[in-house]
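K.L.:
First residue of the sequence shown: 8, per our numbering; consecutive thereafter.
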Amino acid sequence: MNYRIVKSEVLYSGKVFNTKVDQIEYDSGNKAIREVAEHPGGAVVVPVTTDGKIVMVTQHRFPVNKVLLELPAGKLSIGEDPFVCAVRELEEETGYKSDNVKELGSIYTTPGYSTEKLWIYLAKDLKPGSHNREEGEFGMEVFELSLKEVEDKIYNGEIVDGKTICGIFLARNSIS
């Protein structure tokens, strides 16, 4: 690294993320400001039914004021294992459970300004159950779509959620 942090200050501590501002100085002597959204990360699940359908949900996303078609996902509690979060979110949002959950990989969502890292899991051998949604998830709908239907929705702009697109890409070789 060709810089040092001169000062670091958390300006806001929130429920979802903290906002930190770092003053840095490059080895050249030039100074800069870096604004960072500190986020605990999350888990994303690609649930696949025995007939190869991908289970997805619709959710209203307040910042963009749109209902998006997405894979089930959720924020990690501080110190929470991403696997535990993935299993919880699968049941909470879709009602499905699985004893066959494996990690596919992880991504940084927006490393230019955020520390958010998402772990992506594949869940197979789904067992129906009942969902346990949080208040902001009421009205969420569950859909089961083929890989071709999901890919078509990505290519035509109906699926625009980054974690969903990455999750489908990582899981596509495991989907029958």
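Heads up, the beta-carbon is just placed ideally off N, CA and C, and yes, glycines get one too. It should be emphasised that the depicted structure is a prediction, and the values quoted were computed from it without experimental measurement.
For a minimum of 4 consecutive residues, which ranges assigned as the alpha helix (DSSP H) are wholly contained in the region 64-148?
P.N.:
Runs of the alpha helix (DSSP H) inside the region 64-148: 89-101.
K.L.:
Less than 8 Å between the CB of cysteine 173 and some heavy atom of the ligand MG, yes or no?
P.N.:
Only the bare structure without any ligand can be found here, which leaves the ligand MG out of the picture.
K.L.:
Can you list, in chain order, the residues of its chain whose CB lies under 6 Å from that of isoleucine 12, leaving out five sequence neighbours each side?
P.N.:
Once the five neighbours on either side are set aside, the close Cβ partners of isoleucine 12 are Asp29, Ile31.
K.L.:
To the nearest angstrom, how far is it from the Cα of alanine 178 to the Cα of lysine 60?
P.N.:
C-alpha separation (whole angstroms): 12 Å.
K.L.:
Measure how close the beta-carbons of isoleucine 166 and leucine 76 come, nearest whole angstrom, since I'm counting them as under 8 Å.
P.N.:
Contact flag correct, Cβ pair sits at about 5 Å.
K.L.:
Looking at the structure shown, is lysine 14 part of a helix, part of a strand, or coil, going by DSSP?
P.N.:
Reduced to three states, the DSSP call for lysine 14 is strand.
K.L.:
Work out the CA separation of leucine 154 and asparagine 72 for me, nearest whole Å.
P.N.:
So the two alpha carbons sit approximately 27 Å from each other.
K.L.:
Give the straight-line distance between the Cα atoms of proline 47 and tyrosine 120, rounded to the nearest whole angstrom.
P.N.:
Answer to the nearest angstrom: the Cα atoms are 14 Å apart.
K.L.:
Relative to the alpha-carbon of arginine 68, which residue among Asn9, Glu151, Thr116, Met147 has its alpha-carbon at the smallest distance?
P.N.:
Looking at the Cα atoms, Met147 is the closest of the given residues.
K.L.:
Look up phenylalanine 150 in the DSSP assignment and give the residues it is bridged to.
P.N.:
Met63, per the DSSP bridge assignment.
K.L.:
What three-state label does DSSP hand serine 181 in the structure shown?
P.N.:
Three-state DSSP puts serine 181 in a helix.
K.L.:
Identify, in the order they occur along the chain, each residue of the same chain with its Cβ nearer than 6 Å to the Cβ of arginine 122, setting aside the five sequence neighbours on each side.
P.N.:
Note on residue identity: the sequence assigns threonine, not arginine, to residue 122. Taken in chain order, the residues that qualify are Glu45, His46.
K.L.:
Starting from proline 54, follow the beta strand (DSSP E) in both directions and report where the run begins and ends.
P.N.:
Unbroken beta strand (DSSP E) run through proline 54: 49-54.
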